[in-house]
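Undergrad:
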Amino acid sequence: MSARFSSRLWWPLAGLALLLVFNLIFDRGFFELSTRNGNLYGPLLLVLHLSVKVMFLALGMTLVIATGGVDLSVGSVAAVVGALVAHLAASGQWPFFSLIGVAIGLAALAGLINGTLVSVGGLQPIVATLILMVLGRGVALGITGGNPIQVSQSGLLYLGRGFFLGLPVSLWLVAAFFAGTSLLCRKTATGLFVAAVGDNETASRISGVNTRVVKLLVYAFCSVCAAVAALITIGDIGRIEPDRLGQLLELDAITAVVVGGTVLTGGRFSLAGSIIGAVLIQALTTTLIRQGMSSDVAPVPKALAILAVCLLQSERLRSQLKWGRGR
Amino acid sequence: MKLRLRAQQLPILATAIVLVGLFSVFSILFRNFLSARVIADLFTNNAHVGIIAVGMTFVILSGGIDLSVGAVLAFTTILIATLIERHQVAPPLALAIAILAGTAFGALMGTLIQVYRLPPFLVTLAGMFLARGLAFVVNPQSLEIKHALYNAVVDYGLPVSGTASLRATSLTFIAVFLLALLVAHFTDFGRNVYALGGNEQSAFLMGLPVARTKIAIYAVSGFCASLAGVVLTFYKQSGDPSSGLGLELDAIASVVIGGTLLSGGVGYMAGTLMGVLIYGIILVGLDFHGGFDSSWQRIIIGALLLVFIGLQRFLSRASALVGAR
Numbered sequence: 021m022s023a024r025f026s027s028r029l030w031w032p033l034a035g036l037a038l039l040l041v042f043n044l045i046f047d048r049g050f051f052e053l054s055t056r057n058g059n060l061y062g063p064l065l066l067v068l069h070l071s072v073k074v075m076f077l078a079l080g081m082t083l084v085i086a087t088g089g090v091d092l093s094v095g096s097v098a099a100v101v102g103a104l105v106a107h108l109a110a111s112g113q114w115p116f117f118s119l120i121g122v123a124i125g126l127a128a129l130a131g132l133i134n135g136t137l138v139s140v141g142g143l144q145p146i147v148a149t150l151i152l153m154v155l156g157r158g159v160a161l162g163i164t165g166g167n168p169i170q171v172s173q174s175g176l177l178y179l180g181r182g183f184f185l186g187l188p189v190s191l192w193l194v195a196a197f198f199a200g201t202s203l204l205c206r207k208t209a210t211g212l213f214v215a216a217v218g219d220n221e222t223a224s225r226i227s228g229v230n231t232r233v234v235k236l237l238v239y240a241f242c243s244v245c246a247a248v249a250a251l252i253t254i255g256d257i258g259r260i261e262p263d264r265l266g267q268l269l270e271l272d273a274i275t276a277v278v279v280g281g282t283v284l285t286g287g288r289f290s291l292a293g294s295i296i297g298a299v300l301i302q303a304l305t306t307t308l309i310r311q312g313m314s315s316d317v318a319p320v321p322k323a324l325a326i327l328a329v330c331l332l333q334s335e336r337l338r339s340q341l342k343w344g345r346g347r
Numbered sequence: 055m056k057l058r059l060r061a062q063q064l065p066i067l068a069t070a071i072v073l074v075g076l077f078s079v080f081s082i083l084f085r086n087f088l089s090a091r092v093i094a095d096l097f098t099n100n101a102h103v104g105i106i107a108v109g110m111t112f113v114i115l116s117g118g119i120d121l122s123v124g125a126v127l128a129f130t131t132i133l134i135a136t137l138i139e140r141h142q143v144a145p146p147l148a149l150a151i152a153i154l155a156g157t158a159f160g161a162l163m164g165t166l167i168q169v170y171r172l173p174p175f176l177v178t179l180a181g182m183f184l185a186r187g188l189a190f191v192v193n194p195q196s197l198e199i200k201h202a203l204y205n206a207v208v209d210y211g212l213p214v215s216g217t218a219s220l221r222a223t224s225l226t227f228i229a230v231f232l233l234a235l236l237v238a239h240f241t242d243f244g245r246n247v248y249a250l251g252g253n254e255q256s257a258f259l260m261g262l263p264v265a266r267t268k269i270a271i272y273a274v275s276g277f278c279a280s281l282a283g284v285v286l287t288f289y290k291q292s293g294d295p296s297s298g299l300g301l302e303l304d305a306i307a308s309v310v311i312g313g314t315l316l317s318g319g320v321g322y323m324a325g326t327l328m329g330v331l332i333y334g335i336i337l338v339g340l341d342f343h344g345g346f347d348s349s350w351q352r353i354i355i356g357a358l359l360l361v362f363i364g365l366q367r368f369l370s371r372a373s374a375l376v377g378a379r
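Those protein sequence lines, which keep their order, are chains E and R. Taking the numbering used here, the leading residue of the first sequence gets 21, the next gets one more, and so forth. Taking the numbering used here, the leading residue of the second sequence gets 55, the next gets one more, and so forth.
Right, here's the structure in full:
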């Protein structure tokens with residue numbers, strides 16, 4: 021089991037290491053770190069900071085994918101939460117913590133809707149979450165009237181741009197989320213239940229796992245992750261554009277999870293892998309941009325990463341390669 | 055058996071009722087809504103979505119999915135614009151090159167899916183990122199197309215009645231739809247697509263050409279996506295690498311509203327046409343009303359999706375119960 025676990029982490033880690041070596045040789049500036057007011061800055065931190073959004077989503081998405089599902093609605097959920105929080109914050113009457121409460125509550129509700137459609141309704145996850153994906157974007161546009169809203173709430177800005185002990189607050193937050201989720205999955209039976217549902221739903225139900233509750237909770241958790249990502253994003257940019265926030269974010273999250281070694285069909289999963297996957301894609305993109313690639317072309321490295329991972333996992337390709345070597 | 059057949063046709067019947075219902079409600083609410091012009095415009099404005107949805111129907115019927123279509127459309131539009139404006143290629147040749155590229159792209163994805171047994175979701179997701187990136191490589195900004203032939207095609211309209219006329223774009227859409235209807239329901243290829251979606255293993259064991267069919271399905275989807283790109287260049291008279299963002303999901307939603315099951319094997323091409331028209335008619339209705347913004351289109355579509363999917367689920371359960379008895 022542990023050998024398999026390490027082998028799945030091996031590929032994304034190797035990819036990341038390769039990138040770092042490349043930068044060590046061709047672009048020393050990549051590793052430059054500077055301190056301003058005791059806070060760390062530099063390309064490496066920028067890579068981490070830029071991938072925080074996807075890291076959060078990838079955490080939730082990993083568990084959803086582990087149950088054999090997928091959640092297409094995270095981008096729209098992020099847009100709705102961002103729009104509502106920005107709208108309420110603009111009124112100036114809502115204190116920071118009640119805004120957080122609203123965000124988490126709304127997201128949990130959205131997740132429960134997804135979870136209910138999948139587990140009780142028995143819908144295919146793609147279809148079930150497509151509903152909220154389409155609907156949510158409309159709601160987000162409706163809340164803001166289609167116009168961007170400025171965010172000036174100090175608490176939200178601190179979440180997105182602030183520093184704590186020299187590192188961005190968002191990084192601490194994602195680290196805490198990751199540690200909490202990992203502990204929950206490793207030290208309790210939660211992780212086992214999640215993987216069991218994805219591996220064989222009927223078998224786990226017969227052995228006494230309440231598969232419906234597992235799915236409900238997993239989708240709720242995924243939406244809450246999207247809400248936190250939304251809070252950080254609007255704090256970081258300082259405003260919300262309801263038609264752009266979270267656009268294609270669901271696909272970025274799925275990409276990170278897949279690159280991190282979790283298989284789309286469900287079962288065994290790796291939270292650490294998904295985090296590394298998110299960083300790997302951002303590092304690849306940043307490296308290529310520093311090498312002179314236009315930022316518009318950024319999707320291409322994602323495509324290559326997905327294809328590489330898919331082909332590496334393909335039994336057929338492996339056997340072909342072995343056959344070729346054998347001749 | 056008889057009841058099961060009927061149960062399969064119920065979703066498309068529901069789609070038809072919604073389409074007629076929406077049209078009647080809007081016709082009663084708004085003067086001038088019930089006119090040949092509105093109907094003709096419906097086809098013109100939704101030609102590119104419709105053509106993509108037709109290709110997507112084949113993919114979904116086979117149990118797959120194609121996320122790359124919006125990006126392929128964008129790639130096609132900017133490729134055509136660049137070829138004509140920057141490289142002075144004759145438009146017919148430029149269109150042929152672009153459609154060939156889109157079809158080849160689809161075939162390549164199909165080959166990866168078939169030969170290496172990769173999940174269509176991931177391969178076409180990679181295809182989407184790749185095509186979107188390549189579109190920006192071709193030209194990072196949108197590019198206007200000024201060519202005599204383009205003007206001639208844009209000015210052309212087949213008069214229907216009064217001032218209403220069908221544009222070249224909508225004629226293309228209708229032609230593609232009719233062709234797809236024939237292919238889906240009256241050819242070996244169509245039957246193979248349904249068989250593949252019903253049960254790939256059985257299709258293989260029956261000796262159907264699974265590999266060839268699967269690759270062809272994604273090639274067809276790529277062809278439709280690039281043809282939709284061609285149509286869009288005539289509609290907008292420009293190419294834009296950022297066009298068609300999220301179009302794949304509009305197309306998937308249209309197909310699902312049209313009564314095709316995402317699990318494959320069940321659905322009708324005619325349902326897709328109705329799905330596309332429902333999508334378009336809601337926007338026109340909101341436009342006539344004036345008070346609502348386009349955010350309501352998404353909310354209504356989302357609600358419709360919920361209703362249709364719920365209905366399909368209910369029907370398939372009911373028919374499964376009857377079948378079990």
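Idealized CB from N, CA, C, for every residue including glycine.
1. With DSSP collapsed to three states, give me the class of R:PRO173.
2. Helix or strand or just coil, what does DSSP make of E:ALA210?
3. On the CB-based measure, 16 or more other CB atoms within 10 Å of its CB, does E:LEU38 come out buried or exposed?
4. Cβ of E:PRO168 less than 8 Å from any chain R Cβ?
5. Going along chain E in order, which residues have a C-beta closer than 9 Å to the C-beta of R:ALA357?
6. So with Cβ pairs under 8 Å, would you call R:ALA378 a contact of chain E?
7. In whole angstroms, give me the CA-to-CA distance for E:LEU70 and R:LEU369.
8. Just how far apart, CA to CA, sit R:TYR333 and R:VAL309?
9. According to DSSP, simplified to helix, strand and coil, what is R:GLY211?
10. Do you know whose CA, among E:ILE252, E:LEU236, E:GLY228, lies nearest E:ALA103's CA?
11. Closest by CA to R:LEU232, which one among R:GLY75, R:GLY104, R:ASP304, R:ALA90?
12. Between which two residues does the alpha helix (DSSP H) harbouring E:LEU271 extend?
13. At a CB-CB cut-off below 8 Å, which residues of chain E make contact with R:LEU316?
14. For a test of the three-state rule: what should DSSP assign to E:PHE46, helix, strand or coil?
15. Against chain E, which members of the region 298-332 of chain R pass a CB distance test of less than 8 Å?
16. Determine the contact status of R:THR226 and R:VAL285, defining contact as a CB-CB distance below 8 Å.
17. What in chain E is Cβ-close to R:GLN351, meaning under 8 Å?
18. Is there a C-beta anywhere in chain R that falls below 8 Å from the one on E:LYS14?
19. Mapping DSSP to helix, strand and coil, what is R:LEU220?
20. Restricting to Cα atoms, I'd like to know which of R:THR131, R:GLY364, R:TYR210 is closest to R:VAL191.
21. Taking the straight line between their C-alpha atoms, what separation do you get for E:VAL233 and E:GLY287?
22. Using a C-beta cutoff of 8 Å, does R:GLY187 count as contacting chain E?
23. Can you tell me whether E:SER54 is buried or exposed, with buried defined as 16 or more other CB within 10 angstroms of its CB?
24. Run through the region 298-341 of chain R for me and flag every whole alpha helix (DSSP H) of 4 or more residues, listed as ranges in chain order.
25. How big is the Cα-Cα spacing for R:SER89 and R:ILE82?
26. Thinking C-alpha only, which one of R:HIS343, R:GLY318, R:GLY319, R:GLN351 is nearest R:VAL330?
27. Roughly how far, in whole angstroms, is the beta-carbon of E:GLY80 from the beta-carbon of E:CYS245, given that I think they are within contact range, below 8 Å?
28. Using alpha carbons as the reference points, say which of R:ALA107, R:TYR272, R:PHE84 lies closest to R:PHE42.
29. Give me the Cα-Cα distance between E:LEU237 and E:ALA99, rounded to the nearest whole angstrom.
30. Does R:PRO263 come out as helix, strand or coil in the three-state DSSP assignment?
31. Alpha carbon to alpha carbon, what distance is there between R:ILE114 and R:MET260?
32. Mind checking the region 137-171 of chain R against chain E and listing, in chain order, the residues whose C-beta falls within less than 8 Å of any C-beta there?
33. Apart from the five residues just before and just after R:ALA249, which ones in its own chain have a Cβ nearer than 6 Å to its Cβ?
34. Using alpha carbons as the reference points, say which of R:VAL208, R:ALA218, R:VAL274, R:LEU121 lies closest to R:ALA158.
35. Leaving aside the five residues before and after E:SER339 along the sequence, list all residues of the same chain whose C-beta is less than 8 Å from its C-beta, in chain order.
36. Contact check, R:PHE288 vs R:ALA234 under 8 Å by CB: the rounded distance?
TA: A quick look at the data gives this:
1. Taking the second sequence and counting its residues from 1, the one referred to as residue 173 of chain R is at position 119. Correct three-state label for R:PRO173: coil.
2. What you label residue 210 of chain E is simply residue 190 of the first sequence in a count that begins at 1. The question names Ala, but residue 210 of chain E is Thr in the sequence shown. E:THR210 falls in the helix class under three-state DSSP.
3. One-based indexing of the first sequence puts residue 38 of chain E at position 18. Exposed, because fewer than 16 other Cβ atoms sit within 10 Å of the Cβ of E:LEU38.
4. What you label residue 168 of chain E is simply residue 148 of the first sequence in a count that begins at 1. Not one chain R Cβ lies under 8 Å of E:PRO168.
5. Counting from 1 along the second sequence, the entry for residue 357 of chain R is found at position 303. The answer, in chain order, is ILE151, LEU155.
6. One-based indexing of the second sequence puts residue 378 of chain R at position 324. Here the model assigns R:ALA378 a pLDDT of 49, short of 50, so the residue's position is not dependable and the matter cannot be decided.
7. Here residue 70 of chain E is taken as the residue at index 50 of the first sequence, counted from 1. Here residue 369 of chain R is taken as the residue at index 315 of the second sequence, counted from 1. Answer to the nearest angstrom: the Cα atoms are 46 Å apart.
8. Taking the second sequence and counting its residues from 1, one reaches residue 333 of chain R at position 279. Taking the second sequence and counting its residues from 1, one reaches residue 309 of chain R at position 255. Cα-Cα distance, rounded: 10 Å.
9. What you label residue 211 of chain R is simply residue 157 of the second sequence in a count that begins at 1. R:GLY211: strand per DSSP, three-state reduction.
10. Locating residue 103 of chain E in the first sequence gives position 83, counting from the first residue. Ranking the options by Cα distance to E:ALA103, first place goes to E:ILE252.
11. What you label residue 232 of chain R is simply residue 178 of the second sequence in a count that begins at 1. Closest by alpha carbon: R:GLY104.
12. Taking the first sequence and counting its residues from 1, one reaches residue 271 of chain E at position 251. 269-279 is the span of the alpha helix (DSSP H), which, as asked, contains E:LEU271.
13. Here residue 316 of chain R refers to the residue found at position 262 of the second sequence. Simply GLN144, ILE146, VAL147.
14. Here the question's residue 46 of chain E lines up with position 26 in the first sequence. In this structure, E:PHE46 counts as helix in the three-state DSSP scheme.
15. LEU299, GLY300, LEU303, ILE306, ALA307, VAL310, LEU316, SER317
16. One-based indexing of the second sequence puts residue 226 of chain R at position 172. One-based indexing of the second sequence puts residue 285 of chain R at position 231. Their beta carbons are under 8 Å apart, which means R:THR226 touches R:VAL285 by this criterion.
17. By one-based count along the second sequence, residue 351 of chain R stands at place 297. In chain order: GLY158.
18. Because chain E is modelled from 21 through 347, residue 14 of chain E falls outside the range shown and cannot be assessed.
19. Counted from its first residue, the second sequence places residue 220 of chain R at position 166. The answer is strand: DSSP assigns R:LEU220 an E or B state.
20. One-based indexing of the second sequence puts residue 191 of chain R at position 137. Among R:THR131, R:GLY364, R:TYR210, the Cα nearest to that of R:VAL191 is on R:THR131.
21. Here residue 233 of chain E corresponds to residue number 213 of the first sequence, with the count starting at 1. Here residue 287 of chain E corresponds to residue number 267 of the first sequence, with the count starting at 1. Straight-line Cα distance between these residues: approximately 17 Å.
22. Mapped onto the second sequence, residue 187 of chain R falls at position 133. It does: the Cβ of R:GLY187 has a partner Cβ on chain E nearer than 8 Å.
23. Translated into positions along the first sequence, residue 54 of chain E becomes position 34. By the 10 Å Cβ count, E:SER54 comes out exposed.
24. 301-311
25. Taking the second sequence and counting its residues from 1, the one referred to as residue 89 of chain R is at position 35. Taking the second sequence and counting its residues from 1, the one referred to as residue 82 of chain R is at position 28. Each residue's Cα considered, the two are about 12 Å apart.
26. Looking up residue 330 of chain R in the second sequence gives position 276. Comparing Cα positions, the closest option is R:GLN351.
27. Counted from its first residue, the first sequence places residue 80 of chain E at position 60. Counted from its first residue, the first sequence places residue 245 of chain E at position 225. Yes, they are in contact, since the Cβ atoms of E:GLY80 and E:CYS245 sit about 3 Å apart, within 8 Å.
28. Outside the shown range of chain R, which is 55 to 379, sits residue 42 of chain R, and nothing can be said about it.
29. Mapped onto the first sequence, residue 237 of chain E falls at position 217. Mapped onto the first sequence, residue 99 of chain E falls at position 79. Their Cα atoms are separated by approximately 21 Å.
30. On the second sequence, position 209 is the one that residue 263 of chain R refers to. Of the three classes helix, strand and coil, the one that applies to R:PRO263 here is coil, per DSSP.
31. Within the second sequence, the letter at position 206 stands for residue 260 of chain R. Within the second sequence, the letter at position 60 stands for residue 114 of chain R. C-alpha separation (whole angstroms): 21 Å.
32. LEU166, VAL169, TYR170, ARG171
33. The sequence position of residue 249 of chain R within the second sequence is 195, counting from 1. Excluding positions up to five away in sequence, the list reads ALA257, LEU262.
34. As a first step, residue 158 of chain R must be located in the second sequence, where it is residue number 104. Nearest option by C-alpha distance: R:VAL274.
35. Position 319 of the first sequence, counting from 1, holds the residue named residue 339 of chain E. Once the five neighbours on either side are set aside, E:SER339 has no close Cβ partner at all.
36. As a working note, residue 288 of chain R is residue 234 in the second sequence. As a working note, residue 234 of chain R is residue 180 in the second sequence. Not confirmed; about 20 Å, so no contact.
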